[in-house]
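For the sequence shown, our numbering begins at 15 and goes up steadily by one. Glycine included, C-beta positions come from ideal geometry on N, C-alpha and C. Predicted, not measured: the structure shown is a model, and the values here were computed from it. Structure record follows, encoded as structure tokens.
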Amino acid sequence: MNFVLADKVAPYAWFPEGASSFAPQVDNLFTAILWICILFFVPIVILMGYFMWAFRERPGYRGSPEALHNTPLEITWTVIPTAIAVWVFWEGAMGYLDMARIPKGTVDVNVTAMKWKWAFKYENGGENGFEKIGKTELPVLVLPVDRDVKLIMRSDDVLHSFYVPAFRAKRDVVPGRYNYMWFRPTKLGTFDIFCTEYCGDNHSQMIAKVKVVTEAEYQQALAKAIEEPEDPLERGKLLYKRLGCSTCHYAGEDGANGPGPSYNGSWGKQVSLENGQEVAFDENYVRESILNPAAKARKGYGSASPMNSYAGRVKDEQIDALITFIKSLESAPPKAK
Ligand SMILES: [Cu+2]
């Protein structure tokens with residue numbers, strides 16, 4: 015017979031694959047507690063059954079009315095269980111402290127939970143990619159193997175909980191504050207990320223994957239995360255968000271009602287400056303505004319522009335892309351205020 019039930023059932027019924035430095039500790043303590051329970055439970059139940067039968071009420075049988083006393087026995091059954099309970103507490107407390115104490119020199123990732131998805135931002139500002147797994151596109155968090163990883167987590171809406179079963183790591187993600195957790199992946203592979211705090215209708219679909227790769231592959235993934243599209247218009251749109259222009263300038267159909275002028279319908283017009291002059295809103299004006307915003311302060315926005323210079327922070331091709339983007343809004347309707 016080549017059908018072994020344990021092989022079919024075990025991967026689901028027992029632990030998922032352990033892939034972090036926490037896994038051996040958690041699994042060993044769990045297994046030890048399980049065996050302690052079995053070793054106490056089985057003899058106690060057997061003896062209980064036996065005593066029920068041996069000391070049952072029957073014609074001609076009279077039990078002793080006095081309780082028996084045996085000092086060595088009582089000491090034994092007090093000291094041994096106490097020692098076991100203290101050991102379980104000690105192991106649990108040490109394991110907890112290990113998880114709570116975040117080491118230095120970690121790879122940091124920002125995690126945002128929202129109804130009903132996860133978003134990850136790497137140290138270089140790049141965002142997670144997606145991979146088609148089964149029918150759906152899932153966010154994929156790429157992490158290096160054998161490095162300590164720290165997650166800085168927040169929620170956009172309600173309480174969620176970040177859980178990677180293979181890492182034996184779980185932590186609530188709370189709106190209105192940052193929560194931290196750390197772990198050290200020890201195995202290459204792709205593992206599940208679940209939300210494990212019921213957070214609404216689609217809670218069960220709040221899934222993502224963590225992909226543990228070698229250091230070299232991780233560096234590639236980081237570089238890819240900040241890669242910019244070839245197409246200048248797409249690139250400009252992306253930079254408008256990534257460089258934070260969107261926090262002050264309105265463009266297209268989004269962006270803040272911030273302190274900056276709207277890009278919509280600006281291209282090609284004459285704009286009045288604070289010093290009374292007029293300039294054409296063209297390539298050179300945009301370029302100068304990015305590199306030296308104070309040079310030609312726009313009328314009505316005060317001479318002390320809140321916009322900081324981007325000199326040294328943007329390359330010429332990035333300015334070209336931003337120009338292409340602003341130009342594409344030449345006849346966009348003004349923002350709905
Ligand atoms: Cu959730």
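Find out if the Cβ-Cβ distance for the pair residue i, residue j is shorter than 8 Å.
{"i": "V159", "j": "T120", "result": "no"}
{"i": "K131", "j": "D171", "result": "no"}
{"i": "K164", "j": "Y194", "result": "yes"}
{"i": "V224", "j": "F176", "result": "no"}
{"i": "L13", "j": "I207", "result": "Outside the displayed span of the chain (15 to 351) sits residue 13, for which this structure offers no information."}
{"i": "A127", "j": "A33", "result": "no"}
{"i": "R256", "j": "G139", "result": "yes"}
{"i": "A222", "j": "L152", "result": "yes"}
{"i": "D162", "j": "R185", "result": "no"}
{"i": "P189", "j": "G279", "result": "no"}
Buried or exposed: where does residue i fall if 16 or more other Cβ atoms within 10 Å of its Cβ makes it buried?
{"i": "E331", "result": "exposed"}
{"i": "A99", "result": "exposed"}
{"i": "I240", "result": "exposed"}
{"i": "W67", "result": "exposed"}
{"i": "L157", "result": "buried"}
{"i": "L53", "result": "exposed"}
{"i": "W281", "result": "buried"}
{"i": "M220", "result": "buried"}
{"i": "Y277", "result": "buried"}
{"i": "Y75", "result": "exposed"}
{"i": "G106", "result": "exposed"}
{"i": "H238", "result": "Looking at the sequence provided, one finds Lys at residue 238 rather than His. Exposed: under 16 other Cβ atoms inside 10 Å."}
{"i": "A81", "result": "exposed"}
{"i": "A97", "result": "exposed"}
{"i": "C51", "result": "exposed"}
{"i": "Y254", "result": "buried"}
{"i": "F55", "result": "exposed"}
{"i": "V123", "result": "buried"}
Quick one: Cα of residue i to Cα of residue j, how far?
{"i": "M167", "j": "N42", "result": "29 Å"}
{"i": "T210", "j": "G258", "result": "33 Å"}
{"i": "G77", "j": "F44", "result": "42 Å"}
{"i": "N306", "j": "G143", "result": "34 Å"}
{"i": "V328", "j": "V300", "result": "13 Å"}
{"i": "E288", "j": "S303", "result": "14 Å"}
{"i": "Y324", "j": "V102", "result": "58 Å"}
{"i": "R115", "j": "R312", "result": "51 Å"}
{"i": "E292", "j": "A308", "result": "15 Å"}
{"i": "A183", "j": "R249", "result": "37 Å"}
{"i": "E231", "j": "G109", "result": "31 Å"}
{"i": "N84", "j": "D215", "result": "60 Å"}
{"i": "T261", "j": "L336", "result": "15 Å"}
{"i": "H263", "j": "P38", "result": "52 Å"}
{"i": "S345", "j": "E242", "result": "26 Å"}
{"i": "V352", "j": "I47", "result": "Any property of residue 352 remains undetermined from this structure, which presents the chain solely from 15 to 351."}
{"i": "M15", "j": "E244", "result": "Since pLDDT at M15 reaches only 39, below the 50 mark, its modelled position is unreliable, and the value read off the structure follows with that caveat. Approximately 59 Å, taken between the alpha carbons."}
{"i": "S169", "j": "T92", "result": "47 Å"}
{"i": "F29", "j": "T228", "result": "25 Å"}
{"i": "E372", "j": "T204", "result": "This structure cannot settle anything about residue 372, because the visible part of the chain is limited to 15 through 351."}
{"i": "M113", "j": "P320", "result": "43 Å"}
Since residue i sits in a beta bridge, which residues does DSSP pair it with?
{"i": "Y177", "result": "K184 and F208"}
{"i": "N362", "result": "Only positions 15 to 351 of the chain appear in the structure, and residue 362 is not among them; the question remains open."}
{"i": "Y194", "result": "I166"}
{"i": "P199", "result": "S34"}
{"i": "D122", "result": "K164"}
{"i": "Q332", "result": "In the DSSP output, where bridge partners are listed per residue, Q332 has none listed."}
{"i": "V226", "result": "L157 and G203"}
{"i": "W281", "result": "According to DSSP, W281 bridges with nothing at all."}
Counting only beta-carbon separations shorter than 8 Å, does residue i have a partner in chain B?
{"i": "Q291", "result": "The chain labelled as chain B is not found in the depicted structure, where only one protein chain is given."}
Am I right that residue i and residue j are in contact with their C-beta atoms under 8 Å? What's the rounded C-beta distance?
{"i": "L202", "j": "V226", "result": "5 Å"}
{"i": "F339", "j": "L247", "result": "6 Å"}
{"i": "L343", "j": "A265", "result": "6 Å"}
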